[in-house]
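Chains as they are written, first to last, in this note's numbering: chain A, 7 to 387; chain B, 7 to 387. Virtual Cβ for every residue (Gly too), placed ideally from N, Cα, C. All figures in this text were calculated on a predicted structure; none of them were measured in a lab. For reference, the structure is listed below as structure tokens.
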């Protein structure tokens, strides 16, 4: 179970973090019965994005298995990406008569307007590829190209500053030349369509990336894994490592119900809870406390299922104090029949510091879980 | 701040290390406010020299960024090495009439004698290179060659035992052939000059090395770094990673004054305090205790400057009991507005064992410092 953004920083008045401020009798029980530590999501000092942070927890080295911006943006809107698809992040922007960019976000057009403009751009036809233009939010959208022999080694058209003209997309590898032509053709046609849509009269593209082929968790671990997540991006990340995504509803309550419902069909569950991170990003210390307490209150439903191994941690810290992801380590607990309990009596940053796992890379979590499920064979004779 | 040789071993009578025996209210305060751990300077069990130990603290992998003996010796006497210079460590030695070495240190000639002999050898002229012969201490000196197309892949002339003859310097790579000839020419001319200087009637050279080009801390971290150090070798190491060396005086007192004076000109300071290591090497347990207490007493001058991040550690341990550098881990503290304090209440080997950083490679210190100064961008989306 990943409580997104779990790690925090002390409240200036109480000296206690969000997790330390929360009433968490069930998490404390698991910490007491199990083993604890602090995970280093990516590398000491590095603040992780959600993509690499989750991949590390799934046991995929985030320096080796990388995901581009376009792909992650497409996953974030639940776009059903297929292997080989090239996705790119788009902005509607405002250009003057000379073609110079006045506003990279077209005055943050409304999401409704974005949907309407994306429908118009979706009419664009380009030889040999299928393409989709999908709205994200305000000025942001995603373009997905699907076809044979398309590649993502392409420069951005977005110069990332106003006062300049949009750039030509250039192939960064010989094999990507044809795709650069397609991308520029798309941009030219989009420009023509948007000519009278001031302030959103042009598009800027950045972060071309190809949907990667990662070995599945079934291939790597021999598991039949399922994902339970209310947010599209986490469902997309799960699919990337071969998890099946089950219908998870919209709330923590519904997520735990989904777990119970599908419990006998799979032998591994990734359960993602988003609310703690959202509160952290909003700088809402007590909202994050409540989000953690809500998870704790739901936990008996999970414990009733008597899983062989329970792991609880976060993908990264999101201290309300910083209103953002941070580099801080994240509390971790693992509970199984065969773990060797340490002296940790509660689940908190401070208590986990003294756990028997110490400070360790997130990448090591899956091997530990598999070992505790007696699913790993001996190494060597 | 590096307190050289900080880590120690317990006094046989009190069971407390040097740091544990010292009164250090200011270091304890920082430890209480900050996060603690124990650094592993290079690799478990490895006793580091000062060069690699400092490079690791600066964030340069000491197995990748290596410094030869000749270069380190030259840095140790403040010789203004330039990129490409080849430096080599020299000994005056005693040879018999047959050319066999009787004493590799020429009876440890006095430093005065060494200076005089180096002046004589400094008159040697060799085609196409400039050369310097600089005294170090007693029988030890440094030769620096500067010129085009000179290389350090050369064998030693020092056979490292008595009863043998000095060896010819041999090129260990094709490109170094010409430099081998120059080195042998230097040795022949030195032998002629020293013929009547018994017992110092010959030279032995070992550790040819070329002044390396390391990426600067400005390039790597985007910092404007300054070094404050009273000993030449540490100033030289600092220059090697692109720090500017400010006038640091001769005492701890003057070093902290230099820090205050230059505080607004730079955004990173390496402050090196040598005395604890010297006392450790002398086996002077209580001298090392006093050296640590002197640093602690000066610390408020640093704290008054309210740096965003303070790190205090040592480059390695120098237990008075061993009278030498050792492999033991070294207490480490980091204090910033955004660190997540652990339960450590004082700065000592024993207390740092329980810190939230655990035992960790010195190489991770700089990324942690940069993160706490909010100077690192997010990894991945």
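### residue 377(B) to residue 47(A) span [Cα, whole Å]
Straight-line Cα distance between these residues: approximately 14 angstroms.
### Message
For residue 365(B), report the span of its beta strand (DSSP E) as first-last.
### Response
Per DSSP, residue 365(B) belongs to the beta strand (DSSP E) from 364-367.
### Task
Note down, in chain order, all residues in the region 169-186 of chain B with a beta-carbon under 9 angstroms from any beta-carbon belonging to chain A.
Hits within the stretch: zero.
### Query
What is the C-beta distance between residue 374(A) and residue 346(B), in whole angstroms, given that I count them as a contact (C-beta under 8 angstroms)?
Between residue 346(B) and residue 374(A) the Cβ distance is about 23 angstroms, and since that is not below 8 angstroms, they are no contact.
### Task
On a CA-only basis, which of 128(B), 245(B) and 151(B) is nearest residue 199(B)? Give me that one, please.
Measuring from the Cα of residue 199(B), the nearest candidate turns out to be 128(B).
### Query
Which full runs of the alpha helix (DSSP H) of 4+ residues lie inside the region 65-128 of chain A, going along the chain?
Entirely contained in the region 65-128 of chain A, the alpha helix (DSSP H) runs reaching 4 residues are, in chain order, 75-82 and 117-127.
### Query
What residues of chain A sit near residue 349(B), judged by a beta carbon separation below 9 angstroms?
Those are 356, 359 and 360, listed as they occur along chain A.
### Task
Can you grab the Cα-Cα spacing for the pair residue 252(B) / residue 32(B), in whole Å?
Distance between the alpha carbons of residue 252(B) and residue 32(B): 25 angstroms.
### Task
Report all residues from its chain with a CB closer than 6 angstroms to the CB of residue 82(B); omit the five preceding and five following residues, and keep chain order.
Closer than 6 angstroms at the Cβ level, and outside the excluded window around residue 82(B), lie 238 and 239.
### Message
At the level of alpha carbons, what is the spacing between residue 258(A) and residue 76(A)?
### Response
If you take the alpha carbons of residue 258(A) and residue 76(A), they lie about 29 angstroms apart.
### Query
Quick one: is residue 79(B) buried, meaning 16 or more other Cβ sit within 10 Å of its Cβ, or exposed?
Buried.
### Query
So is residue 385(B) in contact with chain A if we call contact Cβ pairs under 8 angstroms?
At least one beta carbon of chain A lies nearer than 8 angstroms to the beta carbon of residue 385(B).
### Task
Could you tell me whether the Cβ atoms of residue 332(A) and residue 23(A) are closer together than 8 angstroms?
Using a Cβ distance threshold of 8 angstroms, residue 332(A) and residue 23(A) do not count as a contacting pair.
### Message
Considering Cα atoms alone, identify which of 155(A), 67(A), 55(A) and 68(A) is closest to residue 90(A).
### Response
It is 155(A) whose Cα lies nearest to the Cα of residue 90(A).
### Distance between residue 341(A) and residue 40(A) (C-alpha atoms, nearest Å)
When rounded, the distance between both Cα atoms is 4 angstroms.
### Query
Are the Cβ atoms of residue 65(B) and residue 364(A) separated by less than 8 angstroms?
For the pair residue 65(B) and residue 364(A), the CB atoms are not nearer than the 8 angstroms cut-off.
### Task
Run down chain B in chain order and give the residues with a C-beta less than 9 angstroms from the C-beta of residue 73(A).
Near residue 73(A) (Cβ distances below 9 angstroms), the residues of chain B are 386 and 387.
#### Entry: Cutoff 6 angstroms; reference residue 352(B); Cβ partners in own chain excluding five residues on either side
Cβ neighbours of residue 352(B) beyond the five flanking positions: 34 and 37.
### Message
Which residue wins for smallest C-alpha separation from residue 247(A), given the options 189(A), 18(A) and 227(A)?
### Response
Comparing Cα-Cα distances from residue 247(A) to each of 189(A), 18(A) and 227(A), the minimum goes to 227(A).
### Message
Would residue 107(A) and residue 172(A) qualify as a contact pair, given that the criterion is a beta-carbon distance under 8 angstroms?
### Response
The Cβ-Cβ distance between residue 107(A) and residue 172(A) falls below 8 angstroms.
### Query
Quick one, which residues of the region 86-118 of chain B are near chain A if we go by CB-CB under 8 angstroms, in chain order?
Of all residues in the region 86-118 of chain B, none has a Cβ within less than 8 angstroms of some Cβ in chain A.
### Proximity below 8 angstroms, CB of residue 321(B) to CB of residue 10(B)
Closer than 8 angstroms, so yes.
### Query
Among 151(B), 211(B) and 205(B), which has the Cα closest to the Cα of residue 166(B)?
Distance check between residue 166(B) and each of 151(B), 211(B) and 205(B) places 211(B) closest, using alpha-carbon atoms only.
### Message
Assuming contact is defined by CB atoms lying nearer than 8 angstroms, are residue 190(A) and residue 216(A) in contact in what I supplied?
### Response
Not closer than 8 angstroms, so no.
#### Entry: Limits of the unbroken alpha helix (DSSP H) element including residue 29(A)
Run containing residue 29(A): none; DSSP gives neither H nor E here.
### Query
Quick one: what does DSSP say residue 345(B) is sitting in, helix, strand or coil?
If DSSP states are grouped into helix, strand and coil, residue 345(B) belongs with coil.
### Task
Tell me, please, whether the CB atom of residue 364(B) is closer than 8 angstroms to any CB atom in chain A?
So yes, residue 364(B) belongs to the interface.
### Query
For residue 334(A), which residues in chain B fall below 9 angstroms Cβ to Cβ?
Residues of chain B passing the Cβ test: 344, 345, 346 and 377.
### Query
What did DSSP end up calling residue 145(B) once you bin it into helix, strand or coil?
DSSP, read as helix, strand or coil, puts residue 145(B) in coil.
#### Entry: Under 8 angstroms between C-beta atoms of residue 220(A) and residue 94(A)
For the 8 angstroms CB-CB criterion, residue 220(A) and residue 94(A) do not form a contact.
### DSSP beta-bridge partners of residue 332(B)
Residue 332(B) pairs with 323(B).
### Task
With residue 296(B) as the anchor, note down where its alpha helix (DSSP H) starts and where it stops.
Element bounds for residue 296(B): 291-309.
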